[in-house]
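Protein chains: 2
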Amino acid sequence: MFSKSQIKLIKSLSQKKFRNKHGLFIIEGRKGISELLNSSLDLHSVYTIEDIFKTSEEKTNLISEADLKKISNLHTPQTALALFHIPEVVQPEIKGLQVVLDEVQDPGNLGTIIRLCDWFGVEDLICSRETVDCYNPKVVQATMGSISRVKIHYLEVSEYLAAGKEKLPVYGTFLDGKNVYSESLSAEGIIVLGNEANGISPQMEKLISKKLVIPQFGKIHQTESLNVASAAAIFLSEFSRRNFTER
Amino acid sequence: MFSKSQIKLIKSLSQKKFRNKHGLFIIEGRKGISELLNSSLDLHSVYTIEDIFKTSEEKTNLISEADLKKISNLHTPQTALALFHIPEVVQPEIKGLQVVLDEVQDPGNLGTIIRLCDWFGVEDLICSRETVDCYNPKVVQATMGSISRVKIHYLEVSEYLAAGKEKLPVYGTFLDGKNVYSESLSAEGIIVLGNEANGISPQMEKLISKKLVIPQFGKIHQTESLNVASAAAIFLSEFSRRNFTER
Numbered sequence: 318m319f320s321k322s323q324i325k326l327i328k329s330l331s332q333k334k335f336r337n338k339h340g341l342f343i344i345e346g347r348k349g350i351s352e353l354l355n356s357s358l359d360l361h362s363v364y365t366i367e368d369i370f371k372t373s374e375e376k377t378n379l380i381s382e383a384d385l386k387k388i389s390n391l392h393t394p395q396t397a398l399a400l401f402h403i404p405e406v407v408q409p410e411i412k413g414l415q416v417v418l419d420e421v422q423d424p425g426n427l428g429t430i431i432r433l434c435d436w437f438g439v440e441d442l443i444c445s446r447e448t449v450d451c452y453n454p455k456v457v458q459a460t461m462g463s464i465s466r467v468k469i470h471y472l473e474v475s476e477y478l479a480a481g482k483e484k485l486p487v488y489g490t491f492l493d494g495k496n497v498y499s500e501s502l503s504a505e506g507i508i509v510l511g512n513e514a515n516g517i518s519p520q521m522e523k524l525i526s527k528k529l530v531i532p533q534f535g536k537i538h539q540t541e542s543l544n545v546a547s548a549a550a551i552f553l554s555e556f557s558r559r560n561f562t563e564r
Numbered sequence: 318m319f320s321k322s323q324i325k326l327i328k329s330l331s332q333k334k335f336r337n338k339h340g341l342f343i344i345e346g347r348k349g350i351s352e353l354l355n356s357s358l359d360l361h362s363v364y365t366i367e368d369i370f371k372t373s374e375e376k377t378n379l380i381s382e383a384d385l386k387k388i389s390n391l392h393t394p395q396t397a398l399a400l401f402h403i404p405e406v407v408q409p410e411i412k413g414l415q416v417v418l419d420e421v422q423d424p425g426n427l428g429t430i431i432r433l434c435d436w437f438g439v440e441d442l443i444c445s446r447e448t449v450d451c452y453n454p455k456v457v458q459a460t461m462g463s464i465s466r467v468k469i470h471y472l473e474v475s476e477y478l479a480a481g482k483e484k485l486p487v488y489g490t491f492l493d494g495k496n497v498y499s500e501s502l503s504a505e506g507i508i509v510l511g512n513e514a515n516g517i518s519p520q521m522e523k524l525i526s527k528k529l530v531i532p533q534f535g536k537i538h539q540t541e542s543l544n545v546a547s548a549a550a551i552f553l554s555e556f557s558r559r560n561f562t563e564r
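Read top to bottom, the protein sequences are chains A and B. Residue numbering for the first sequence follows this note's numbering, beginning at 318 and increasing consecutively. Residue numbering for the second sequence follows this note's numbering, beginning at 318 and increasing consecutively.
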């Protein structure tokens with residue numbers, strides 16, 4: 318069974334407003350789907366050209382390669398596509414090591430940052446409402462399954478940081494910040510990362526309690542900035558390394 | 318003047334074989350073009366809707382927005398597109414901190430790694446012949462100008478590493494490697510990074526003198542691997558931090 322209304326539903330999920338309306342998102346590929354099936358996420362339906370998943374009959378749709386092509390967002394469709402329910406997340410508690418994103422726009426960057434949070438044990442990723450949607454198919458694909466293991470919250474980050482800075486240090490990167498390699502870093506804290514082109518907005522800057530910089534080692538010093546996902550990798554590595562024994 | 322043969326030439330440069338044939342590559346956007354004009358790279362021609370570059374008359378082509386759309390590789394063309402000559406690079410000397418890529422496939426990853434090399438002062442980036450071409454328009458775009466400041470070599474990396482390991486330690490990431498945060502790291506050395514899906518190939522593995530791992534801090538330990546550009550960021554950060562005073 319593969320009806321026109323199913324195709325229409327799946328196609329609509331490449332748009333945020335329909336993902337929110339239906340509470341569903343898309344993931345493609347055998348590996349990604351298997352990871353999500355083994356997670357706490359709730360399967361809605363799977364469309365596959367081979368019966369390779371141990372999913373219940375009513376949720377499994379065996380389809381042709383031609384049909385998979387119709388619904389896929391990928392240039393080269395990969396065996397299967399599944400719909401999962403978008404999980405509900407409760408307001409995050411202000412504790413542990415957290416990452417806050419201020420208008421990160423590129424789906425690949427957000428996907429990489431989610432994967433980094435998973436690797437470094439960051440449980441809560443807090444995104445401004447202007448940040449790209451984490452259930453955008455390109456983001457989901459780039460997380461390589463990590464999307465099921467990190468709690469992602471979209472909220473008013475200025476309010477969150479205003480409350481957060483009462484409890485934890487709030488770190489952010491600025492050109493005039495202190496060297497991240499030599500500054501003391503607390504085991505619990507909030508790391509703020511800004512927009513690809515403009516960095517951290519002036520409104521957020523006021524809420525940063527400690528300004529840091531990743532020093533530039535190149536001779537020429539012409540590089541303008543690091544990619545935001547690279548900065549996330551270096552920050553999370555540095556915090557985790559230092560506080561390893563304390564956690 | 319904007320002839321059909323010019324359009325044909327520019328369009329052909331999205332393919333590697335024509336880039337090599339003509340010795341030219343494309344960069345788009347005012348900012349990127351300005352950075353390359355200020356570098357050692359040699360301009361071939363610029364196609365712009367505004368006369369904003371101080372380039373010589375015979376190399377400057379004022380064109381319409383509609384014409385720019387015809388030649389652009391971007392969804393939203395950005396004011397200008399330029400062709401630069403691909404620079405000749407001499408065989409790299411085996412010294413300093415170097416990065417070797419073993420079949421990195423994703424243009425965004427290569428672009429980010431080039432940008433990281435620039436930031437951390439890595440002068441030579443060595444790529445296996447199977448690695449995505451650094452003059453691919455998507456790579457050039459992702460480097461944000463760094464492509465003009467890092468020397469990129471495509472060669473037989475197994476031969477290079479066989480010669481290199483006689484002079485410098487050769488590092489690579491493996492699941493059974495030693496903790497990168499606690500191992501001693503030399504100021505000069507070769508860091509090998511592998512393919513997105515398969516990591517470092519068995520053939521290259523034999524040439525690694527020190528296996529390292531970026532330890533996983535997450536509770537669940539289900540994340541399969543870090544993105545190769547994230548691993549590059551963490552490795553370069555760690556090497557640079559430790560050897561800062563020594564360089």
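Even for Gly, the Cβ is constructed at its ideal location relative to N, Cα and C.
query                                                                                                                                                                                         : result
My output table needs one value for V406 of chain A: the three-state DSSP class, helix, strand or coil.                                                                                       : coil
So, at 7 Å on beta carbons, what are the nonlocal neighbours of R347 of chain B in its own chain, with the 5 sequence-adjacent residues on each side left out?                                : I369, Q395, T396 and A397
What first and last residue would you give for the beta strand (DSSP E) that runs through L492 of chain A?                                                                                    : V487 to N496
Could you tell me if Q465 of chain A is buried or exposed, where buried requires 16 or more neighbouring beta carbons within 10 angstroms of its beta carbon?                                 : According to the sequence as given, residue 465 of chain A is Ser; it is not Gln. Per the 10 Å Cβ criterion, buried.
From A399 of chain B to Q332 of chain B, what does the alpha carbon distance come to, in whole angstroms?                                                                                     : 16 Å
Measuring straight from C-alpha to C-alpha, what distance separates A548 of chain A and A550 of chain B?                                                                                      : 8 Å
Consult DSSP for Q323 of chain B and reduce its assignment to one of helix, strand or coil.                                                                                                   : helix
If you follow the beta strand (DSSP E) that I508 of chain A is part of, which residue opens it and which one closes it?                                                                       : G506 to L510
Kindly indicate if chain B contains any beta-carbon less than 8 Å away from that of T429 of chain A.                                                                                          : yes
Please look up how many angstroms separate the CB atoms of C434 of chain B and L442 of chain B, rounded, as I've assumed it's under 8 Å.                                                      : 5 Å
Along chain B, in chain order, which residues have C-beta atoms closer than 7 Å to that of S498 of chain A?                                                                                   : Per the sequence shown, the amino acid found at residue 498 of chain A is Tyr instead of Ser. What Y498 of chain A touches in chain B: R558.
Quick one: give me the first and last residue of the alpha helix (DSSP H) that I344 of chain B is part of.                                                                                    : Segment L341 to E345 is the beta strand (DSSP E) holding I344 of chain B; no alpha helix (DSSP H) there.
Between N390 of chain B and E345 of chain B, how many whole angstroms is the CB-CB distance? I'm expecting something under 8 Å.                                                               : 7 Å
Quick one: any contact between the stretch 512-529 of chain A and the stretch 410-426 of chain A, if contact means 3 or more CB pairs under 8 Å?                                              : yes
Measuring alpha carbon to alpha carbon, tell me which of B:F552, B:Y452, B:I469 and B:K482 ends up nearest F491 of chain B.                                                                   : B:F552
Which residue marks the beginning of the alpha helix (DSSP H) containing L427 of chain B, and which one marks its end?                                                                        : P424 to W436
May I ask which residues mark the beginning and end of the beta strand (DSSP E) holding D359 of chain A?                                                                                      : Per DSSP, D359 of chain A belongs to no beta strand (DSSP E) and is neither H nor E.
How would you label R564 of chain A, buried or exposed, when you count the other beta carbons within 10 angstroms and need 16 or more for buried?                                             : Interpretation of R564 of chain A is limited by its pLDDT of 36, a score under 50 that renders its predicted location unreliable; no figure is taken from the coordinates.
Between A:Y364, A:N544 and A:N453, which has its C-alpha nearest Q323 of chain A's C-alpha?                                                                                                   : A:Y364
Please tell me whether F437 of chain B has its Cβ less than 8 Å away from any Cβ of chain A.                                                                                                  : yes
Mind checking N595 of chain B: buried by the 16 CB within 10 Å criterion, or exposed?                                                                                                         : Chain B is shown only over 318 to 564; residue 595 of chain B falls outside these bounds and no answer can be derived.
Is the shortest distance between the beta-carbon of A286 of chain B and the beta-carbons of chain A less than 8 Å?                                                                            : Any property of residue 286 of chain B remains undetermined from this structure, which presents chain B solely from 318 to 564.
What are the residues in the stretch 460-485 of chain B lying within 8 Å of chain A by C-beta distance?                                                                                       : M461, G462, S463 and R466
Are any of the Cβ atoms in chain A nearer than 8 Å to that of E563 of chain B?                                                                                                                : A caution first: E563 of chain B carries a pLDDT of 37, below 50, which makes its placement in the model unreliable, though a value can still be read off. E563 of chain B does not count as touching chain A.
Would I403 of chain A and Y452 of chain A qualify as a contact pair, given that the criterion is a beta-carbon distance under 8 Å?                                                            : yes
Nearest CA to the CA of H339 of chain B: which residue from B:S320, B:G349, B:H361 and B:S356?                                                                                                : B:H361
Measuring alpha carbon to alpha carbon, tell me which of A:I525, A:E447 and A:G481 ends up nearest G572 of chain A.                                                                           : As shown, chain A starts at 318 and ends at 564. That puts residue 572 of chain A outside it, with no answer to give.
Might you give, ordered along the chain, the residues of its own chain that have their beta carbon closer than 6 Å to the beta carbon of V449 of chain A, omitting 5 neighbours on each side? : Q422, P424 and L427
What are the start and end residues of the beta strand (DSSP E) that includes T377 of chain B?                                                                                                : T377 to L379
Taking the beta carbon of A459 of chain B as the centre, do at least 16 other beta carbons fall within 10 Å, making it buried, or is it exposed?                                              : buried
For a contact defined as C-beta to C-beta under 7 Å, what are the partners of N544 of chain B on chain A?                                                                                     : T429 and R432
Using a Cβ cut-off of 9 Å, which residues of the stretch 514-530 of chain B contact any Cβ in chain A, in chain order?                                                                        : none
Going by DSSP in three states, E563 of chain B sits in which element: helix, strand or coil?                                                                                                  : With a pLDDT of 37 at E563 of chain B, under the threshold of 50, the predicted position of this residue should be treated as unreliable, though the coordinate-derived value follows. Three-state DSSP puts E563 of chain B in coil, outside helix and strand.
Need the endpoints of the alpha helix (DSSP H) that L576 of chain B sits in, please.                                                                                                          : The structure shown does not extend to residue 576 of chain B, since chain B is modelled only from 318 through 564, so no value can be given for it.
The stretch 350-365 of chain B: which residues have C-beta closer than 9 Å to a C-beta of chain A, in chain order?                                                                            : E352, N355 and S356
Are the C-beta atoms of S503 of chain B and some chain D residue less than 8 Å apart?                                                                                                         : Of the protein chains in this structure, namely A and B, none is chain D.
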